[in-house]
Amino acid sequence: MEELKGKVVLVTGGTRGIGRAIAERFKEVGATVYITGTNEERTKNVAEEIGVNGVKMNVTDREEVKKVVAEILEKEGQLDVLINNAGITKDTLFLRMKDEDWDSVIDTNLNGVYNVTRAVVPAMIKKKAGNIINISSVVGFTGNIGQVNYSATKSALVGFTKSLAKELGSRGIRVNCIAPGYITTDMTEKIPEKIKQELIKSIPLKREGNPREIADVCLFLASDMASYITGTVIHVNGGLF
Ligand code: NDP
Numbered sequence: 000m001e002e003l004k005g006k007v008v009l010v011t012g013g014t015r016g017i018g019r020a021i022a023e024r025f026k027e028v029g030a031t032v033y034i035t036g037t038n039e040e041r042t043k044n045v046a047e048e049i050g051v052n053g054v055k056m057n058v059t060d061r062e063e064v065k066k067v068v069a070e071i072l073e074k075e076g077q078l079d080v081l082i083n084n085a086g087i088t089k090d091t092l093f094l095r096m097k098d099e100d101w102d103s104v105i106d107t108n109l110n111g112v113y114n115v116t117r118a119v120v121p122a123m124i125k126k127k128a129g130n131i132i133n134i135s136s137v138v139g140f141t142g143n144i145g146q147v148n149y150s151a152t153k154s155a156l157v158g159f160t161k162s163l164a165k166e167l168g169s170r171g172i173r174v175n176c177i178a179p180g181y182i183t184t185d186m187t188e189k190i191p192e193k194i195k196q197e198l199i200k201s202i203p204l205k206r207e208g209n210p211r212e213i214a215d216v217c218l219f220l221a222s223d224m225a226s227y228i229t230g231t232v233i234h235v236n237g238g239l240f
């Protein structure tokens with residue numbers, strides 16, 4: 000992992016859960032890490048706690064994204080790894096889904112990935128190197144009751160990843176996807192205990208995953224150990240799918 004030392008890594012949605020674990024993991028190997036979140040104070044506090052840089056950047060706000068990415072590039076001169084992790088759920092049955100539930104999930108989980116990636120890629124092309132990792136989900140492959148909006152965005156990230164990998168491969172940029180299964184974070188706290196227990200029974204490894212188990216795969220994908228891997232999805236779900 001020596002090659003990751005000094006690399007500049009941007010993790011969207013790094014204030015909690017999987018994003019925070021990813022930031023901590025990259026920090027451990029000596030990377031310069033930026034985390035982002037929607038609330039300035041919270042983002043700065045978490046960043047300070049884990050010893051990384053923290054910036055308010057709402058991924059749905061295209062202008063703010065452009066400004067923040069430009070500021071990082073101005074300061075660091077490069078952006079080597081982008082982890083598109085920020086994501087939300089607004090779970091409800093399709094017939095009860097409000098337009099706002101649909102729009103906000105698409106806006107954060109899909110448009111947000113476009114906004115940040117669009118802002119970052121020109122600098123990677125210029126450097127003829129870069130690594131983009133998109134956090135999809137097992138439900139993008141299996142579907143799930145109550146998650147039509149969410150699973151649609153997570154499937155979309157697969158097409159996004161594969162197409163972008165084809166466009167950017169010749170520029171030295173790798174683009175991959177991780178599809179986590181059931182990982183213990185604030186997001187899964189919302190699932191009722193009874194359903195959680197049922198879910199765990201259906202996982203071959205008989206337990207939830209932890210955010211660090213996703214962070215480790217990010218580190219692998221960003222490292223030279225994955226130098227011939229692009230346009231792919233790595234499933235990290237305890238055998239669930
Ligand atoms: P959490 O709800 O714990 O954390 C979500 C993170 O995203 C927070 O840091 C939050 O920051 C940030 N965020 C939300 N909206 C925005 C926005 N508009 N702009 C910038 N940041 C935003 O989620 P997880 O850690 O569980 O999930 C992380 C990713 O992994 C998501 O993409 C999720 O879909 C995916 N995933 C999670 C699974 C799980 O089981 N936990 C399973 C499969 C996929 P803040 O609130 O501070 O603004």
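Under numbering that gives the first Met the number 0, the residues of the sequence shown are numbered 0 to 240, in order. Backbone N, C-alpha and C fix where the C-beta goes; we use that ideal spot for every residue, glycine too.
Identity of the residue in the options nearest residue i by Cα
| i | options | result |
| --- | --- | --- |
| Q77 | A22, F240 and A122 | A122 |
| D215 | A22, K6 and L9 | A22 |
| E27 | M0, D223 and G12 | M0 |
| T63 | N114, V7, A85 and Y33 | It is Glu, not Thr, that sits at residue 63 in the sequence shown. Per the Cα distances, N114. |
| E39 | L239, K126 and K55 | K55 |
| G129 | I233, L198 and A164 | A164 |
| I71 | I194, T35 and E192 | T35 |
| M96 | I144, L9 and V119 | I144 |
| A46 | V80, K74, L9 and R61 | L9 |
| S150 | T31, V32, I105 and V7 | I105 |
| E73 | V119, G50, V235 and V137 | V119 |
| V7 | F140, K126, T88 and L167 | K126 |
| G246 | V137, V67, K66 and G29 | Residue coverage of the chain in this structure runs from 0 to 240, which leaves residue 246 outside it and unanswerable. |
| V32 | P191, I233, E75 and R117 | E75 |
| E2 | I233, K65 and A225 | A225 |
| D79 | S103, D100 and T116 | T116 |
| I233 | E48, T91, K4 and V137 | V137 |
Nonlocal neighbours in the same chain, by C-beta distance under 6 angstroms from residue i, ignoring five residues either side
| i | result |
| --- | --- |
| R37 | The amino acid occupying residue 37 in the given sequence is Thr; Arg does not appear at that position. For T37, where only same-chain residues beyond five positions count, the Cβ hits under 6 angstroms are N57. |
| E207 | Y181 and T183 |
| V147 | F93 |
| K189 | none |
| T231 | N175 |
| G12 | G18, N84 and A85 |
| V67 | V54 and M56 |
Residues near residue i in its chain [Cβ-Cβ closer than 8 angstroms; skip 5 each side]
| i | result |
| --- | --- |
| G16 | I182, T184, D185, M186 and P210 |
| K228 | It is Ile, not Lys, that sits at residue 228 in the sequence shown. Closer than 8 angstroms at Cβ, skipping near neighbours: R173, N175 and L220. |
| P203 | G237, G238 and L239 |
| C217 | I21, R24, F25, I82, I132 and I177 |
Ligand 1 heavy atom lying under 6 angstroms from the CB of residue i
| i | result |
| --- | --- |
| T107 | yes |
| A221 | no |
| A155 | no |
| V64 | no |
| T141 | no |
| N114 | no |
| N110 | no |
| D102 | no |
| D185 | yes |
| N57 | yes |
| P179 | yes |
| N84 | yes |
| R211 | no |
| T152 | no |
Chain-order list of residues whose beta-carbon lies under 7 angstroms from that of residue i (same chain, five-residue window excluded)
| i | result |
| --- | --- |
| N133 | N83, V112, L156, F159, T160 and C176 |
| K43 | G53 |
| N110 | T59 |
Beta-bridge pairing of residue i - partner residues as DSSP gives them
| i | result |
| --- | --- |
| I144 | According to DSSP, which records beta bridges pairwise, I144 is partnered with nothing at all. |
| C176 | N133 and V232 |
| V7 | T31 |
Inside the region 104 to 141 only - alpha helix (DSSP H) runs reaching at least 4 residues:
For the region 104 to 141, whole alpha helix (DSSP H) runs of length 4 or above, ordered along the chain, are 111 to 126 and 138 to 141.
Which runs of the alpha helix (DSSP H), 4 residues or longer, sit entirely within the region 16 to 99?
As far as the region 16 to 99 is concerned, its whole alpha helix (DSSP H) runs of at least 4 residues are 16 to 27, 39 to 49 and 61 to 75.
Could you pull out every unbroken beta strand (DSSP E) segment of at least 3 residues lying fully inside the region 163 to 220, listed in chain order?
Within the region 163 to 220, the runs of beta strand (DSSP E) that reach at least 3 residues and sit entirely inside it are, in chain order, 172 to 179.
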